[in-house]
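In short: position in the sequence shown from 1, add 231, done, that's the numbering used here. Heads up, the beta-carbon is just placed ideally off N, CA and C, and yes, glycines get one too. Below is one structure, written out as structure tokens, with a few remarks after it.
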Amino acid sequence: MTRRLLLSYLTLAALVLICLEFPLGYVYTRAERERATNAATEEAESVAGYAALSLAYGRPKELAERVDICAERIGGRLLVVDSSGTLLATSHPLSRDQQAGLAQHPEIAAALLGGDGANVRTSTIGGVQWLSVAVPVRHGATLHGAVRLTVPTDAIANNVHRVWLVLGLGGLGVLAVVTLAAFALARWIGRPILELERAAHTLAGGSLSTPASVTTGPPEVRSLAATFNRTAALLEHLLASQSAFAGEASHQLKTPLAALRLRLDNMEPGIPPQMRGNLNAAMTETDRLARMVEGLLAFARMEETALTPEPVDLDRVLQDRTLAWTGLYAREGVRLVLKGNPVGTALAVPGALEQILDNLLSNALRVAPTRSVVTVSRRLSATAAELHVEDQGPGMTAEQRSRAFDRFWRAPDAPRGGTGLGLALVQRLTLASGGEALLLPAPGGGLRAVIRLQPATPRRSNSLPSLPHPRRRPAVGACTAAGKR
232 MTRRLLLSYL
242 TLAALVLICL
252 EFPLGYVYTR
262 AERERATNAA
272 TEEAESVAGY
282 AALSLAYGRP
292 KELAERVDIC
302 AERIGGRLLV
312 VDSSGTLLAT
322 SHPLSRDQQA
332 GLAQHPEIAA
342 ALLGGDGANV
352 RTSTIGGVQW
362 LSVAVPVRHG
372 ATLHGAVRLT
382 VPTDAIANNV
392 HRVWLVLGLG
402 GLGVLAVVTL
412 AAFALARWIG
422 RPILELERAA
432 HTLAGGSLST
442 PASVTTGPPE
452 VRSLAATFNR
462 TAALLEHLLA
472 SQSAFAGEAS
482 HQLKTPLAAL
492 RLRLDNMEPG
502 IPPQMRGNLN
512 AAMTETDRLA
522 RMVEGLLAFA
532 RMEETALTPE
542 PVDLDRVLQD
552 RTLAWTGLYA
562 REGVRLVLKG
572 NPVGTALAVP
582 GALEQILDNL
592 LSNALRVAPT
602 RSVVTVSRRL
612 SATAAELHVE
622 DQGPGMTAEQ
632 RSRAFDRFWR
642 APDAPRGGTG
652 LGLALVQRLT
662 LASGGEALLL
672 PAPGGGLRAV
682 IRLQPATPRR
692 SNSLPSLPHP
702 RRRPAVGACT
712 AAGKR
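Encoded structure:
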């Protein structure tokens, strides 16, 4: 940020200097040339006045002396011609051809026409630029000839170059001062913002060990830092309260529910047959409440700290969870099948993939008809490792699929006993792992749940061992939050 602020200040200062120095240099260059032209014109008119008197009173020798003195003083060349263009006096030697062609010079020819004012021309001779000024020589109304004064423009160019150099050095000096001032200002503005950014990253990581500074920087930044610190303190308090609630609720809610379920089980032998329906309904609702508590606690545990995805062996997790659920599926008359080639490892929050599969398999078993098949498949694309859980149940409409991930939402025709938290937990765990959860219609009816995770270092093998007979059932807490449908 300091670099961007510094660049902005320097760019603005450079634009201001350009807008000031270029017009100033242009105006000075033009003024210097006009000054040189005016000085040469005044000198030529002075010599023309002296020449008019000299020619009128027959003193050509004095005119020649005056021409030499003037040419030496101005560091240029001076010549005087009569009305026919014949050379009368010159400060520098001329060949016969040059003398014969003086009347054809544009500025001399214009002066011999007797017009008012000076005739100014510029020319380059021998690589040197010259300024030529010609004025008529008059005595009264009589035109006696013309005076041409020629001076080199090197002095003018040197003055112009010197001014541009001064302007350039002055601009660089101003930029140096602006750089120092801008750097100090950018540091003053940028340092508290960088501290605020570091504090925000720390807060995103789950804690705020060092609050943002509220004593440096502009007033607006200090006010923002103070507001951020208050917000961070409030969030820390809320996270601490939520963590305490998750720990206490696990004992305060689960223990009474377990005791209630035990009492209901103990009452079963002494209940008359006509009351067994009510007892079974009470036991079902108790189990549903227990699953809801498990789901809410799972959400609380997931949200109380920042979770970091880690490489997880998808093939091992799929085999373990499929083995765990195969026995329960078989008891309900549903076949569970694992398909697809090994996909290796993917990034997931620790323990998330097991909960995701348990919830999806619990949902699929809840709606799967007897003698149907639930298929768990896997595939590896260029951008994701995909897990599919497909059942042959009633499926969902497009509107129902769009709401299925909402907490506590259940389809109107969903079986009894669900809590509406299973798919919500699946989505939250998938998003926390950096992946995506989708619900799609299955070919031929039913529902297909798709979990896409970012692949880590792939681990492939040629084949998977066959699934042995299941030896254990899924843990009760692993799937108690299921039941969207």
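Worksheet item: For the segment 248 to 256 against the segment 274 to 293, are there 3 or more C-beta pairs whose distance is under 8 Å?
Response: With a cut-off of 8 Å, the segment 274 to 293 and the segment 248 to 256 do not count as touching, because too few Cβ pairs lie within range.
query = Below 8 Å between beta carbons: does that hold for glycine 665 and proline 540?
reply = Yes, Cβ-Cβ distance for glycine 665 and proline 540 is below 8 Å.
Using a threshold of 8 Å, state whether the C-beta atoms of glycine 564 and glycine 626 are closer than that.
Annotated as distal: glycine 564 and glycine 626, with beta-carbon spacing of 8 Å or more.
ask   = Hey, out of Ala372, Ala271 and Gly653, whose CA is closest to glycine 586's CA?
value = Checking the sequence shown, residue 586 turns out to be glutamine, not glycine. That would be Gly653, whose Cα lies nearest to the Cα of glutamine 586.
What is the DSSP secondary structure of alanine 615, reduced to helix, strand or coil?
Assigned with DSSP and collapsed to three states, alanine 615 falls in coil, not helix or strand.
Neighbour-count burial assignment, arginine 552, 16 or more Cβ in a 10 Å radius: Label assigned to arginine 552: buried.
Between the C-alpha atoms of glutamate 535 and alanine 471, what's the straight-line distance to the nearest angstrom?
Model confidence at glutamate 535 stands at a pLDDT of 49, short of 50, so the residue's coordinates are unreliable; what they give is reported in the following sentence. Here the alpha carbons of alanine 471 and glutamate 535 stand approximately 8 Å from one another.
Original post:
Pick from Arg418, Thr242, Leu398 and Ala279: whose alpha carbon is nearest that of isoleucine 339?
Top reply: The candidate whose alpha carbon is nearest that of isoleucine 339 is Ala279.
| task | Indicate the three-state DSSP secondary structure (helix, strand or coil) for glycine 449 in the structure shown. | result | It should be noted that the sequence gives proline, not glycine, for residue 449. In the structure shown, proline 449 adopts coil according to DSSP, grouped into three states.
Would alanine 464 and alanine 443 qualify as a contact pair, given that the criterion is a beta-carbon distance under 8 Å? No Cβ-Cβ contact shorter than 8 Å links alanine 464 with alanine 443.
### Query
Hey, how far is the Cα of valine 681 from the Cα of threonine 515?
When rounded, the distance between both Cα atoms is 30 Å.
Once the 5 residues before and after leucine 488 are set aside, which same chain residues still bring their CB inside 8 Å of it?
Cβ neighbours of leucine 488 within its own chain (closer than 8 Å, five residues either side excluded): Thr517, Leu520, Ala521 and Val524.
Just the C-alpha distance for alanine 475 and alanine 663, rounded to the nearest angstrom, thanks.
Computed Cα separation, rounded: 22 Å.
(message) Taking DSSP's pairing of strands, which residues face glycine 401 in a bridge?
(response) DSSP lists no partner for glycine 401.
Quick one: is glutamine 631 buried, meaning 16 or more other Cβ sit within 10 Å of its Cβ, or exposed?
Glutamine 631 comes out buried.
- What number of angstroms, rounded off, separates the C-alpha of alanine 320 from the C-alpha of alanine 271? Roughly 18 Å between the two C-alpha positions.
When the Cα atoms are used, what is the spatial distance from valine 657 to proline 449? Computed Cα separation, rounded: 45 Å.
Q. Per DSSP, proline 367 forms a beta bridge with which residues?
A. Within the DSSP secondary-structure output, proline 367 pairs in a beta bridge with Ala377.
Inset, instruction - Going by DSSP, name the residue or residues bridged to leucine 569. - result: DSSP links leucine 569 through a beta bridge to Val607.
- How would you call glycine 307, buried or exposed, if buried means at least 16 neighbouring beta carbons within 10 angstroms? Buried, since its Cβ has 16 or more Cβ neighbours within 10 Å.
Original post:
Bridge partners of serine 354, per DSSP?
Top reply: In DSSP, serine 354 forms a bridge with Trp361.
Note the first and the last residue of the continuous beta strand (DSSP E) segment covering arginine 679.
First-last of the beta strand (DSSP E) with arginine 679: 678 to 684.
Item to complete: Starting from the N-terminal side, write out each stretch of the beta strand (DSSP E) that is 3 residues or longer and does not extend beyond the segment 265 to 329.
Response: 308 to 313 and 318 to 321, all fully within the segment 265 to 329.
Short of 8 Å in beta carbon distance, which residues of its chain neighbour threonine 601, apart from the five on each side in sequence? Order them along the chain. So the list reads Glu563, Gly564 and Val565, once near-sequence residues are dropped.
Problem - Sequence-distant residues of its chain with Cβ nearer than 6 Å to serine 694 (five each side left out) - result: Any reading at serine 694 must be qualified, since the residue scores a pLDDT of 38, below 50, and its modelled position is unreliable; the value itself is stated next. Cβ within range, chain order: n/a, list empty.
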